[in-house]
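Read through the structure below, which is laid out as structure tokens, and then see the notes.
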Amino acid sequence: DAKTTQPPSMDCAEGRAANLPCNHSTISGNEYVYWYRQIHSQGPQYIIHGLKNNETNEMASLIITEDRKSSTLILPHATLRDTAVYYCIVRGFTYGQNFVFGPGTRLSVLP
Amino acid sequence: GAGVSQSPSNKVTEKGKDVELRCDPISGHTALYWYRQSLGQGLEFLIYFQGNSAPDKSGLPSDRFSAERTGGSVSTLTIQRTQQEDSAVYLCASSPVGTGWGGGTDTQYFGPGTRLTVL
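Keeping their order, the protein sequence lines are chains R and U. If you're matching positions, the first sequence starts at 1 in this note's numbering and goes up one per residue. If you're matching positions, the second sequence starts at 1001 in this note's numbering and goes up one per residue.
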């Protein structure tokens, strides 16, 4: 699976949009971009995933660049409960592949 | 609906004892994964089940670790002769898909984990 690069930490003011970047310059054509987050002492929580089109759900939006070498997770109105480690994962097309979690980005939402 | 559940939530044991950790996946999910997370570290893949069989055991750190899944549902991870370095949070995940192509949509849903402390 392609490797991802994320900033180690970010701050965001409560109520503002949080934009979390991810670089995946070696992504191949059949690999999806997944985002998970892990709030302290809890299991990872699925947020969103996409292949090449931008995606939106009730939690977030995922913007993937046209060349697919990078993406941005957007939390439109961050709350204190969004403070967590966010993981960007690129994953291939084979069933049963485990997710490879890197160090992620520690997002701190500040009051 | 109910998510992935794991039991116990916390387990403290003495070095050398055996422990069993249980995972109840989301009903109908055919794939099940075990990971572990040491303090301050990322997730480490342990084993993957498709139904009752385990096509990928590559992540099991030693032969003290074993896992089984019965009835295509509940899974048990067993650690024999526990060591202090086994202390970690053990996480289980399940996904709804079967075998074949199209795994890009194989979203995994995680349980809350079992925190194992080996004294």
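From the three backbone atoms N, C-alpha and C, an ideal C-beta is built for every residue, glycine too.
For residue j and residue i, the rounded distance between their alpha carbons
i: Gly1103/U; j: Glu31/R; result: Note that Gly1103/U scores a pLDDT of 45, beneath 50, so its modelled location is shaky; the value from the coordinates is reported in the next line. For Gly1103/U and Glu31/R, the distance between alpha carbons rounds to 9 Å.
i: Gly1072/U; j: Leu110/R; result: 44 Å
i: His1029/U; j: Ser1095/U; result: 5 Å
i: Leu1021/U; j: Ala1093/U; result: 13 Å
i: Ser1066/U; j: Leu1091/U; result: 15 Å
i: His40/R; j: Leu107/R; result: 12 Å
i: Asn19/R; j: Thr72/R; result: 6 Å
i: Asp1056/U; j: Asp1063/U; result: 14 Å
i: Tyr1035/U; j: Gln42/R; result: 13 Å
Cβ-based neighbour list, residue i, same chain, cut-off 7 Å, excluding 5 preceding and 5 following
i: Thr1070/U; result: Asn1052
i: Gln1084/U; result: Lys1015 and Val1118
Assigned secondary structure, residue i (DSSP; H/G/I helix, E/B strand, else coil)
i: Asp1056/U; result: strand
i: Leu110/R; result: strand
i: Glu1068/U; result: strand
i: Glu112/R; result: Outside the shown range of chain R (1 to 111) lies residue 112/R, about which nothing can therefore be said.
i: Gln1041/U; result: coil
i: Glu1085/U; result: helix
i: Leu75/R; result: strand
i: Arg81/R; result: helix
i: Gly50/R; result: strand
i: Ser1062/U; result: coil
i: Ile1079/U; result: strand
Proximity test, Cβ basis, 8 Å: residue i and chain U
i: Gln6/R; result: no
i: His49/R; result: yes
i: Asn57/R; result: no
i: Gly29/R; result: no
i: Asn98/R; result: yes
i: Asp46/R; result: For the sequence presented, residue 46/R should be read as Tyr rather than Asp. Yes, Tyr46/R counts as interfacial toward chain U.
i: Pro111/R; result: no
Distance CB(residue i)-CB(residue j) smaller than 8 Å
i: Ile89/R; j: Ile74/R; result: no
i: Gly1113/U; j: Val1089/U; result: yes
i: Gly104/R; j: Val85/R; result: yes
i: Asp1024/U; j: Val1074/U; result: yes
i: Pro44/R; j: Tyr34/R; result: no
i: Lys3/R; j: Thr26/R; result: yes
Neighbourhood of residue i by C-beta, 8 Å cutoff - its chain only, sequence neighbours within 5 removed
i: Thr1117/U; result: Asn1010, Lys1011, Val1012, Thr1013 and Ser1087
i: Gly1003/U; result: Ile1026, Tyr1109 and Gly1111
i: His77/R; result: Gly15, Arg16 and Ala17
i: Asp1018/U; result: Thr1078, Ile1079, Gln1080, Arg1081 and Thr1082
Test: residue i CB closer than 8 Å to a CB of chain R
i: Ser1075/U; result: no
i: Tyr1109/U; result: yes
i: Phe1065/U; result: no
i: Tyr1090/U; result: no
Cut-off 6 Å between Cβ atoms - residues of its own chain near residue i, not counting five sequence neighbours on either side
i: Tyr54/R; result: A small correction: the amino acid at residue 54/R is Asn; Tyr does not occupy that position in the sequence shown. Hits under 6 Å: Ile63.
i: Arg1115/U; result: Asn1010 and Val1089
i: Trp1101/U; result: Interpretation of Trp1101/U is limited by its pLDDT of 45, a score under 50 that renders its predicted location unreliable; no figure is taken from the coordinates.
i: Tyr87/R; result: Tyr36, Phe101 and Gly104
Cross-chain neighbours of residue i in chain A, by beta carbon under 7 Å
i: Gly1028/U; result: Structure shown: chain A not included; protein chains present are R and U.
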